[in-house]
Amino acid sequence: MDSIIPTCIVAGTTLAGLLWFWSSSSVPVPPGPSGNVIFGSALELRKSTAFWLTFANWSKKYGSIISFRLLFRRIIVIDDPKIVTYLFEKKAAQYSDRYVNQMAKLGEWDHDIIFIEYGPTLKHYRTLLQRALNNRVALDYLPIQEYEAKRLIRRLYDTPESFMKHIHLMAGSVAIRMVYGYKVESVEDQLVQAAERVMSIFSDIMTPGRWMVEAFPPLRYLPKWFPGTGFHQVVASSRPILHAYAQDTFDFTKSELAKGTAEPSFTSKLLQPDIGGELTSKEELNIKRVASSLYGAASDTTVSAVKTFFLAMTLYPAVQTKAQGEIACYLQQRQPGSSLFITVADREKLPYTSALVRELLRWHPVAKLTAHRSCGQDDNNVVIDDKVYRIPAHTVVIANIWGMLHNPEVYPDPEKFIPERYLVANPSPLPELYAFGFGRRLA
12 MDSIIPTCIV
22 AGTTLAGLLW
32 FWSSSSVPVP
42 PGPSGNVIFG
52 SALELRKSTA
62 FWLTFANWSK
72 KYGSIISFRL
82 LFRRIIVIDD
92 PKIVTYLFEK
102 KAAQYSDRYV
112 NQMAKLGEWD
122 HDIIFIEYGP
132 TLKHYRTLLQ
142 RALNNRVALD
152 YLPIQEYEAK
162 RLIRRLYDTP
172 ESFMKHIHLM
182 AGSVAIRMVY
192 GYKVESVEDQ
202 LVQAAERVMS
212 IFSDIMTPGR
222 WMVEAFPPLR
232 YLPKWFPGTG
242 FHQVVASSRP
252 ILHAYAQDTF
262 DFTKSELAKG
272 TAEPSFTSKL
282 LQPDIGGELT
292 SKEELNIKRV
302 ASSLYGAASD
312 TTVSAVKTFF
322 LAMTLYPAVQ
332 TKAQGEIACY
342 LQQRQPGSSL
352 FITVADREKL
362 PYTSALVREL
372 LRWHPVAKLT
382 AHRSCGQDDN
392 NVVIDDKVYR
402 IPAHTVVIAN
412 IWGMLHNPEV
422 YPDPEKFIPE
432 RYLVANPSPL
442 PELYAFGFGR
452 RLA
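Listed below in structure tokens is the structure:
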């Protein structure tokens, strides 16, 4: 009897969902693969090793905006910047909600800034970010980045064979010091190791297609012993690790503030209210949540970008030689006694090297896909090339950043690493326009 009830729940929910999904409407959804009658395109996507490539191939067949089904969840994918701008910026109020990650919901991480839905709490999180990470304050963190970059160069010189370990240490050191004011001395540092475990957990949790509960949310209500519910065990084992890391790093900054030895950081700035002000326990919790999310975002993207740099320089030695020559020539022209270390301030004097950095963003973008979600009502007036489409309520809308930055009509020979594409009379669009997302969820 105990096993019959969960089965009936799943079967009944599936039938109701399919009947709802197949409801008729005079306005069509965008074209796309029909897939299996029950699973939609879920089985095909589970075989894909890179969803952005699969989506790009579908776009070649069906157009710049496509739709498909995962069970009874509708997915929209767009690889045209104009369409993304139209939806995420001109219709921002309707497309600012984040897709609800079911694993995050089970683990009680859905209050983190990377998962939280659009609303008053997200607006407050953005206010906190603006206070401690605005353009003026961001300049205060440049010395940290330069210091850790120098340490990376020294480690690469001493033990080049360990370059992957050095990259992770550099990225983690920059992120944890900027967010918490904690200075890392070695890769064996306990907080860095804890942070790496956290990043590994989030990478597993957020892998598209990894968990059936994401395509079929009612599974989250099944008991832990029911077949196919291994995600319950993963969440249960991950929850204490993630909570402990967020608390330990936050407590470190609070302790340093109490002793008067806190280094300026995102967290320390927010924990010191204006004169006469006092932080509530709720505000402290908000700061802790935003800070813990920031570490992952900063560290993960830095690691990805630096790894891409090493890959590009290995595959395109002529590009490396040209950039190295530009830097050497620039250093020779400096005043005697000047630093031999290049900083952000030198970027305008190094056009080819700057173009190289831009090409890194395009060639292997850090965020290949960004997912938004429509709000609670159908949008029956999505006008694309004089055609009117419908985007149903609660649809997951994905921007294929990789597809946009590998469009051969915009970036000729997109698979090749060509910094020169930004140095000609009519340069390709700057990849940073797309690489960091769109609309209110812009990174």
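Be aware that the sequence shown starts at 12, since it is given in my numbering, and climbs by one per residue. Using N, Cα and C, we set each Cβ at its ideal position, and we do this for glycine too. None of the values given here were measured: they were computed from a predicted structure.
For the putative contact between residue i and residue j, defined by C-beta atoms under 8 Å, what is the C-beta separation to the nearest angstrom?
i	j	result
asparagine 411	aspartate 90	4 Å
phenylalanine 261	alanine 302	6 Å
serine 52	phenylalanine 79	4 Å
arginine 401	valine 393	7 Å
isoleucine 76	proline 131	The Cβ separation is near 31 Å, so there is no contact.
methionine 223	asparagine 112	About 14 Å; that fails the 8 Å criterion.
leucine 81	alanine 226	4 Å
Give the single residue among the options whose Cα lies nearest to the Cα of residue i.
i	options	result
leucine 322	His375, Glu295, Cys386, Gln388	His375
threonine 313	Phe50, Tyr106, Leu180	Leu180
serine 197	Glu225, Asp215, Leu163, Trp222	Leu163
tryptophan 63	Val190, Leu230, Leu416	Leu416
tryptophan 413	Gly307, Asp396, Leu371	Leu371
leucine 233	Leu117, Ser37, Arg188	Leu117
tyrosine 306	Pro419, Leu253, Ser439	Leu253
leucine 281	Asn297, Ser365, Ser266	Asn297
glutamate 420	Ser439, Asp396, His177	Ser439
alanine 308	Phe447, Ser70, Thr65, Val148	Phe447
arginine 221	Asn47, Leu268, Arg57	Arg57
glycine 455	Ser70, His177, Ile49	For residue 455 there is no data in the structure shown, the boundaries of the chain being 12 and 454.
Please classify residue i: does DSSP put it in a helix, a strand, or coil?
i	result
glycine 183	helix
phenylalanine 428	coil
asparagine 112	coil
alanine 61	coil
alanine 104	helix
glycine 51	strand
isoleucine 395	strand
isoleucine 409	strand
glutamine 283	coil
threonine 96	helix
asparagine 418	coil
methionine 217	coil
proline 229	helix
leucine 56	helix
Hey, could you find the ends of the beta strand (DSSP E) residue i is sitting in?
i	result
tyrosine 400	398 to 402
isoleucine 76	76 to 81
glycine 88	Reading off the sequence, residue 88 comes out as valine, not glycine. Residues 84 to 89.
For the alpha helix (DSSP H) that contains residue i, what are its first and last residues?
i	result
alanine 316	292 to 326
valine 224	223 to 226
serine 197	Serine 197 -> no alpha helix (DSSP H), and no H or E assigned at all.
alanine 257	242 to 270
glutamate 443	443 to 446
Do residue i and the ligand NAD come close, with the Cβ less than 7 Å from some heavy atom?
i	result
serine 45	The model on display carries no ligand, and the ligand NAD is accordingly not part of it.
Give, in chain order, every unbroken run of the beta strand (DSSP E) that is at least 3 residues long and sits entirely within the region 343 to 393.
-> 380 to 384
Let me know the alpha helix (DSSP H) ranges lying completely inside the region 118 to 167, each 4 residues or longer, listed in chain order.
-> 131 to 144, 146 to 149
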